[in-house]
Amino acid sequence: MANLVHIPEQKEVARKTPIEIFPDPKIAVVLTNQQSGATNVPLVKVGDVVSIGQKIADVQAKVSAPVHSPISGTVIKIDNVYNSCFEYPTEAIYIENDGKKTKAKPLNTIKESELASTKNEELLKIIREAGIVGMGGAGFPTSVKLAVPADKPIKHLLVNGAEGEPYDTADERVMIERTANLVRGVRVVRKLLGNPKVIVVTKESKVEAVPKLQEAFKNEPDTEVRATHLTYQQGDAGMMQKAILGYEPIAGKRSYEMGTIVQNVATINAIANAVFDGEPLISRVAALNGDIPTPKNLMVKIGTPISEILKANSITDCGSVVVGGMMMGVQLATLDAPVTKRTSSILCLNKAHAKARKPTACIHCGRCVSACPIRLQPVAIYNAVIKGDFKKAEKLWAQDCIMCGTCSYVCPANLPLASNVKMARNSQ
Amino acid sequence: MFPKKFNKPPLKDNTSFEKVKLMSENSNELVVNPAPHIHGPMTKNRMMQYTFFAILSTLIVSMVLWSQVTTPSGWNLGLTLAICTVISVGLAVAFDFLIGKVASDSEVNTWSAAVFGLIVTGCYTLGFPSMAIGAEMGVPVEAPLAFYYVAIITVLGLVVFKKVMGLAGRKFVNPAAAAKFLVLLPGTAVTLLTSWHSITGMLSVPSLNGPIGLTTIVGSNGGGAGYPAFGGYLQSCYQLPTSMDIGTPESITQIMLLTKYHGWTGGACSIAVIIAGTALFILGRKYFKWRITASFLVSTAVLSLILSVAFGDADLIARLLFELFIGSSIFMAFFMATDPATTPYSGVGQIIFGVGLAVLTVIIQTFMGFFGGSLLALLIMNLLTPAIDKIRINKPFGR
Ligand code: SF4
Ligand code: SF4
Chain A
1 MANLVHIPEQ
11 KEVARKTPIE
21 IFPDPKIAVV
31 LTNQQSGATN
41 VPLVKVGDVV
51 SIGQKIADVQ
61 AKVSAPVHSP
71 ISGTVIKIDN
81 VYNSCFEYPT
91 EAIYIENDGK
101 KTKAKPLNTI
111 KESELASTKN
121 EELLKIIREA
131 GIVGMGGAGF
141 PTSVKLAVPA
151 DKPIKHLLVN
161 GAEGEPYDTA
171 DERVMIERTA
181 NLVRGVRVVR
191 KLLGNPKVIV
201 VTKESKVEAV
211 PKLQEAFKNE
221 PDTEVRATHL
231 TYQQGDAGMM
241 QKAILGYEPI
251 AGKRSYEMGT
261 IVQNVATINA
271 IANAVFDGEP
281 LISRVAALNG
291 DIPTPKNLMV
301 KIGTPISEIL
311 KANSITDCGS
321 VVVGGMMMGV
331 QLATLDAPVT
341 KRTSSILCLN
351 KAHAKARKPT
361 ACIHCGRCVS
371 ACPIRLQPVA
381 IYNAVIKGDF
391 KKAEKLWAQD
401 CIMCGTCSYV
411 CPANLPLASN
421 VKMARNSQ
Chain B
429 MFPKKFNKPP
439 LKDNTSFEKV
449 KLMSENSNEL
459 VVNPAPHIHG
469 PMTKNRMMQY
479 TFFAILSTLI
489 VSMVLWSQVT
499 TPSGWNLGLT
509 LAICTVISVG
519 LAVAFDFLIG
529 KVASDSEVNT
539 WSAAVFGLIV
549 TGCYTLGFPS
559 MAIGAEMGVP
569 VEAPLAFYYV
579 AIITVLGLVV
589 FKKVMGLAGR
599 KFVNPAAAAK
609 FLVLLPGTAV
619 TLLTSWHSIT
629 GMLSVPSLNG
639 PIGLTTIVGS
649 NGGGAGYPAF
659 GGYLQSCYQL
669 PTSMDIGTPE
679 SITQIMLLTK
689 YHGWTGGACS
699 IAVIIAGTAL
709 FILGRKYFKW
719 RITASFLVST
729 AVLSLILSVA
739 FGDADLIARL
749 LFELFIGSSI
759 FMAFFMATDP
769 ATTPYSGVGQ
779 IIFGVGLAVL
789 TVIIQTFMGF
799 FGGSLLALLI
809 MNLLTPAIDK
819 IRINKPFGR
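Quick note, the sequences are listed as chains A and B, same order. Taking my numbering, the leading residue of the first sequence gets 1, the next gets one more, and so forth. Taking my numbering, the leading residue of the second sequence gets 429, the next gets one more, and so forth.
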């Protein structure tokens, strides 16, 4: 039996707030690297004039995804900036907006009617050139993920619309407002994977999205919309396979080995935009929520500094800003950090909530053990890590941690369990 | 000890990029901690508060029940219990505070100390001495001597077993149980040496190592172990001292479940303990180790039934009532065996712990004639906890 901890959703207002288009930034700070995999190099230099959608960073490597300019203007600087993708400052291209909105040549597109006759290689090439990466937070290049070896038949495509993170509502709004686009995107992915069965997984608490999805996917072949009760932890790809398909994916194996691909709705939305409309990934929907009076869902250009978003919404009094979800996201050290392809939400905590809870001694209550969705023993790993015994941590399967943060969430002694387990995991 | 925070990177000033001052204007730093950034509602203090009020409610029930009894020394038993409670809680909190002030590496933990104080009183034996069971050897069961013993156990338990052991990283034994055992050892050691007792044995308790029954009529058991009139023992030991009832199976059952006027103060009313304990488990869902309680109670019941059949008891409930509902079993099952620090953290470990505790308790009470032997069983199981923690049955997800 799975251990699942309910975490309050805190989405009541935000989930009813339509997506609002956030104005283009005056200066865009576009990270050269927003993906996992090979390191990109800038294709532009200071002084260059770029247009919207122009490729500005790329690298020739198998696991890679290029980056495009979100605005038109002049490159004024290439410098390191602290950001939400890495724990240290990384390279970013600063582009000053000229307000002309000149567009670069769009990507190759295909017509919807031609989808069936298009070669997979061609679709994957469009997806790669559009710079699409997993937008749920992982940032793995989607073109690589969807390039499944021919000898590995895919039986199921799970469209991940669970959005388990509390406070996050961006995916939910995409499902409500871009439903038709999602249908197009699912068709592309389904074609790429050799027509597997499609299950659109969402939570029954998304009352507005569920009927929309059911209506839109009604006539799609071999497709099912499954609105069930899912906890936060079941938004993870592995946990979702267990919840929906009933098996536990073998640890350490690539997802396609199990015959299933799990793809997040925001990414599918981006795939549809790229393949049919020729739009590279230069904007995304991000929730603006937390301890603020009016939560919002913003369509923002990637590269918009977080400070600009806060300023435009007159948020001045927070103790910390979390990017990417309360449970798994990072707290920003500076507000210069820009929106990236992986920024699903921008959450403000007031000073009282931001204050770190003081860790005290473990009382050995065992709650973290019963809460870990993948049945680790966080307290044992924690004890090994603070002694520096990473060998022991490995024996306790620290490397399997999905970094969901549930252990820290429940610990009555406020111990930073998740971050320690993560440390052990990353040291493997 | 804790992971270092992300270092805040230096901001370069020579930029044409409009520097953001939004929050740094008031020279406020942004808080940066590792994920997650929200926390569940349960904290250590809250757990301790829940436990405190659960135990307190059972003690209040005992006080009310026992206020009907006046012991030979002239003290009202309910009042004695109230004073014991105040002494143990007061001393525990005071010493906790003092140690917290003096020793820099010890945190003041008022609620935890208060719970400890309640447990010291709850597992202390009070009652009307020299009844059918004869002299209570080494266990001062009435005021004013009881006050001194409670005070000594509290201070010893808090200082030695709670604080000093806490310095060693983790507590190995339940502090209240260990302190009580140590203080009363001179009086009870003798019972550990005897392999079995009859009514004339060292602790003057009947032997369970043979057939027993709920009857109150003393009959012959053929000279061997066992005590056919065990029901009579229970009746006379636990009933209202002023009552001269002979007792029936019904009245004995009622006494064991509802009103015992002797024994562990916390367990005077078994039903009250069960209600308070269950309420605690429901309130603090998943934070309390209810599996220990459940597995202990179930295996104790099963073992008693097995022994009843094996010994050829006159009925099946005499042993069951005794093993399950004497104060030392019922109070310990809910409030001492579930002490987080000294028990296993995994669900499987907790079940192993509960079963082991039941086996040891029944063995000690049956073959060693040490009624209240759950205390010793608990200490043994506490010491085994680190080993039990190593047992892993379920592998991680997808392994
Ligand atoms: S963060 Fe890792 S160790 Fe903690 S509960 Fe999640 S999976 Fe388990
Ligand atoms: S939840 Fe916290 S206090 Fe409880 S066992 Fe785990 S680390 Fe210790």
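In this text, a Cβ means the ideal position worked out from N, Cα and C, and glycines have one as well.
- Using a CB distance below 9 Å, the part of the stretch 22 to 44 of chain A facing chain B consists of Lys26, Ile27 and Val29, ordered along the chain.
- Counting the other Cβ atoms within 10 Å of the Cβ of arginine 713 of chain B gives fewer than 16, which makes it exposed.
- As computed with DSSP, serine 345 of chain A is found in a beta bridge with A:Ala287.
- For the pair serine 732 of chain B and lysine 599 of chain B, the Cα-to-Cα distance works out to about 31 Å.
- Going by beta carbons, threonine 17 of chain A and asparagine 269 of chain A fall outside the 8 Å limit.
- Proximity to asparagine 414 of chain A across B:Leu458, B:Val460, B:Pro469 and B:Glu457 peaks at B:Pro469, based on C-alpha coordinates.
- Interface residue (Cβ-Cβ distance to chain A less than 8 Å): serine 679 of chain B is not classified as such.
- By the Cβ rule, the stretch 398 to 409 of chain A counts as touching the stretch 359 to 372 of chain A, because three or more pairs are nearer than 8 Å.
- Separation of the CB atoms of proline 66 of chain A and asparagine 40 of chain A is rounded to 7 Å, and the pair is thereby assigned contact status at 8 Å.
- When Cβ-Cβ separations below 8 Å define contact, isoleucine 363 of chain A makes contact with chain B.
- Within 7 Å of the C-beta of tyrosine 552 of chain B there is not a single heavy atom belonging to ligand 2.
- Taken in chain order, the unbroken stretches of alpha helix (DSSP H) that lie wholly in the stretch 714 to 757 of chain B and span 4 residues or more are 718 to 739 and 745 to 753.
- Using a Cβ-Cβ cut-off of 9 Å, leucine 458 of chain B is close to Cys318, Gly319, Ser320, Val321, Gln331, Leu332, Ala333, Thr334, Leu335 and Ala354 of chain A, given in chain order.
- Close CB contacts of proline 639 of chain B within its chain, under the 7 Å cut and outside five residues either way in sequence, are with Asn649, Gly654, Pro656, Phe739, Gly740, Asp741 and Ala742 (chain order).
- The continuous stretches of beta strand (DSSP E) do not include leucine 509 of chain B, which lies in the alpha helix (DSSP H) extending over residues 505 to 530.
- In the DSSP secondary-structure assignment, glutamate 96 of chain A is bridged to A:Ile27 and A:Thr74.
- Lys714, Tyr715 and Lys717: these are the residues of the stretch 711 to 723 of chain B whose beta carbon lies less than 7 Å from some beta carbon of chain A, given in chain order.
- Contact between glutamate 308 of chain A and proline 25 of chain A holds, with the beta-carbon distance rounding to 5 Å and staying under 8 Å.
- For threonine 471 of chain B, the nearest beta carbon of chain A is closer than 8 Å to its own beta carbon.
- Residue environment: arginine 254 of chain A is assigned as exposed (fewer than 16 neighbouring CB atoms within 10 Å of its CB, all protein chains considered).
- Of all C-beta pairs linking the stretch 173 to 182 of chain A to the stretch 132 to 147 of chain A, fewer than three are shorter than 8 Å, placing the two stretches out of contact.
- Around glycine 528 of chain B, no beta-carbon contact reaches into chain A at under 8 Å, the shortest distance being about 13 Å.
- Per the C-alpha coordinates, the member of A:Lys341, A:Pro70 and A:Ser314 positioned closest to alanine 104 of chain A is A:Pro70.
- Between the stretch 680 to 691 of chain B and the stretch 661 to 669 of chain B, the count of C-beta pairs closer than 8 Å reaches three or more; the two stretches touch.
- Here isoleucine 466 of chain B carries a coil assignment [DSSP, helix/strand/coil].
- Those residues of the stretch 373 to 388 of chain A placed with their C-beta closer than 8 Å to a C-beta in chain B are Pro373, Ile374, Arg375, Leu376, Gln377, Val379, Ala380 and Ile386, ordered along the chain.
- Note on the stretch 170 to 258 of chain A: whole beta strand (DSSP E) runs with a minimum of 3 residues are 197 to 203 and 223 to 228, in chain order.
- Not a single C-beta of chain A is nearer than 8 Å to the C-beta of tyrosine 661 of chain B.
- Taking 7 Å as the cut-off, the C-beta of isoleucine 7 of chain A does not count as close to any heavy atom of ligand 1.
- A contact is defined here as three or more CB-CB pairs under 8 Å, and the stretch 164 to 178 of chain A meets this definition with respect to the stretch 282 to 291 of chain A.
- Look at glycine 405 of chain A: its beta carbon is less than 7 Å from one of the heavy atoms in ligand 1.
- At the C-beta level, phenylalanine 589 of chain B and valine 578 of chain B stay beyond 8 Å of one another.
- Contact of alanine 413 of chain A with chain B is assigned, a C-beta pair being separated by under 8 Å.
- Between ligand 1 and the CB of valine 379 of chain A, the shortest heavy atom gap is not smaller than 7 Å.
- Isoleucine 808 of chain B does not reach chain A, its nearest Cβ partner there being about 18 Å away, counting only Cβ pairs nearer than 7 Å.
- The contact set of glutamate 570 of chain B on chain A, defined by CB atoms closer than 7 Å, is empty, because the minimum CB distance reaches about 35 Å.
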